[in-house]
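> Going line by line, the protein sequences match chains A and G. The opening residue of the first sequence carries number 40 in the working numbering; numbering runs sequentially from there. The opening residue of the second sequence carries number 40 in the working numbering; numbering runs sequentially from there. A single structure is presented below for examination.
There are 2 protein chains.
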Amino acid sequence: MAPAEVLPGTLEMLILRTLQRGPLHGYGIAQYLLQVSGQVLRVGEGSLYPALQRLLVNGWAEAEWGQSETGRRARFYSLTAAGKKRLQEEEKEFDRIVEAIRLVLRTV
Amino acid sequence: MAPAEVLPGTLEMLILRTLQRGPLHGYGIAQYLLQVSGQVLRVGEGSLYPALQRLLVNGWAEAEWGQSETGRRARFYSLTAAGKKRLQEEEKEFDRIVEAIRLVLRTV
DNA sequence: ATCCCATACCTCTATTATCGATGTATCTAA
DNA sequence: TTAGATACATCGATAATAGAGGTATGGGAT
Chain A
40 MAPAEVLPGT
50 LEMLILRTLQ
60 RGPLHGYGIA
70 QYLLQVSGQV
80 LRVGEGSLYP
90 ALQRLLVNGW
100 AEAEWGQSET
110 GRRARFYSLT
120 AAGKKRLQEE
130 EKEFDRIVEA
140 IRLVLRTV
Chain G
40 MAPAEVLPGT
50 LEMLILRTLQ
60 RGPLHGYGIA
70 QYLLQVSGQV
80 LRVGEGSLYP
90 ALQRLLVNGW
100 AEAEWGQSET
110 GRRARFYSLT
120 AAGKKRLQEE
130 EKEFDRIVEA
140 IRLVLRTV
């Protein structure tokens, strides 16, 4: 099976969607995405942490240091109200574009 | 309606798919994508022409100068055998990743 | 006649996102 | 005691896109 990266431009949406389930730390987000996507979406750390920084800077998420399930120090991210709104917009736009692409792919 | 760009990483696939219908010039490709996608996929020239160059370099398309329907000089691109194969691979990978993303978006 | 718009090509630079490598540190299990 | 999993982060290279700029021609409207 191909290693397969994330579609550029969709990572923030995927992270926001993951955080919608509840606060989670970076490592956990990557694990979750890998698992739920059936091992397809492999988010490298070099993509993940900069993306999380962007979410903080834009006010879509906030972070708090705490303890992970395994007792280690971890930074828990959670959605802000602005982040929830942003997620809705991104999902809508994603659907719109994917539908447009499907139109092209289906048109003979 | 938002101006909405192309999903990064999908442009080459969209062009290849357009060329599968028959040879076409750059300007025509952009027009076609805009029309078939219901005005959603707006391909700027600064994205289009570099992408066409990549297709040539990779041997997925070949080009020939000719006359457009309106009598102007135009460069017609057409799919090679390698391009057809490449298109199939890209479509398959696209479906795979979009399906993975949908899994994430649908999971509660 | 002239001027604008659509058609048609292309390049350049800035911006942005992703990836892979690198580095730190801790905890657990073999 | 050592390897692997957990957990953070940054750095540089790569690549793709967008937007602006530049050339040229044809047709239709003023």
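All residues carry an ideal CB built from backbone N, CA and C; glycine is no exception. What you are looking at is a predicted structure, and each value in this text was computed from that prediction instead of being measured.
DSSP three-state call for L50 of chain G: helix, strand or coil?
DSSP places L50 of chain G in helix when its eight states are reduced to three.
> Using a Cβ cut-off of 8 Å, pull out every chain A residue sitting near S76 of chain G, in sequence order please.
Under the 8 Å cutoff, chain A gives A139, I140, L142, V143.
> Closest by CA to Y88 of chain A, which one among A:I54, A:R141, A:E129?
With distances taken between Cα atoms, Y88 of chain A lies closest to A:I54.
> Report the rounded CA-to-CA distance for R135 of chain G versus R81 of chain A, giving the unit in angstroms.
Looking at the two C-alpha atoms, the distance is approximately 13 Å.
> Give me the subset of the stretch 43-57 of chain G whose CB atoms are less than 9 Å from a CB atom of chain A, sorted by chain position.
Correct list: A43, E44, V45, L46, P47, G48, T49, M52, L53, R56, T57.
> Which stretch, first to last residue, makes up the beta strand (DSSP E) that contains Q106 of chain A?
Looking at the DSSP string, the run of the beta strand (DSSP E) that includes Q106 of chain A is 100-106.
> So R112 of chain A is in the beta strand (DSSP E); what residue range does that whole segment cover?
Counting along the chain, the beta strand (DSSP E) containing R112 of chain A begins and ends at 112-118.
> What separation, rounded to the nearest whole angstrom, lies between the Cα atoms of S86 of chain A and H64 of chain A?
If I take the Cα positions, the gap works out to 15 Å.
> Go through its chain and collect everything with a Cβ distance to G98 of chain G's Cβ below 7 Å, but skip five positions before and after it.
Correct list, in chain order: T119, A121.
> Take the Cβ of V45 of chain A as the centre, count every other Cβ of all protein chains shown within 10 Å, and call the residue buried at 16 or more, exposed below.
So V45 of chain A counts as buried.
> Would you say L91 of chain G reaches chain A, if we count a Cβ-Cβ gap shorter than 8 Å as a contact?
Not one chain A Cβ lies under 8 Å of L91 of chain G.
> List the residues of chain A that R111 of chain G touches, going by C-beta distances under 8 Å, in chain order.
Neighbours of R111 of chain G on chain A: none; closest Cβ ~25 Å, over 8 Å.
> So which of A:Q78, A:P62, A:K123 has the shortest CA-CA distance to Q106 of chain A?
Checked all of A:Q78, A:P62, A:K123; the closest Cα to Q106 of chain A is A:P62.
> Let me see if you follow: with CB-CB separation under 8 Å, is R135 of chain G close to chain A or not?
Taking Cβ atoms only, chain A reaches closer than 8 Å to R135 of chain G, which makes this a yes.
> Looking at L126 of chain A: is its Cβ nearer than 8 Å to the Cβ of R60 of chain A?
No.
> Count the other C-beta atoms from every protein chain shown that fall within 10 angstroms of the C-beta of E108 of chain G, then say buried if there are 16 or more, exposed otherwise.
Exposed.
> Which one or two residues does DSSP pair with L149 of chain G in a beta bridge?
One cannot answer for residue 149 of chain G here, as it falls past the ends of chain G, which runs 40 to 147.
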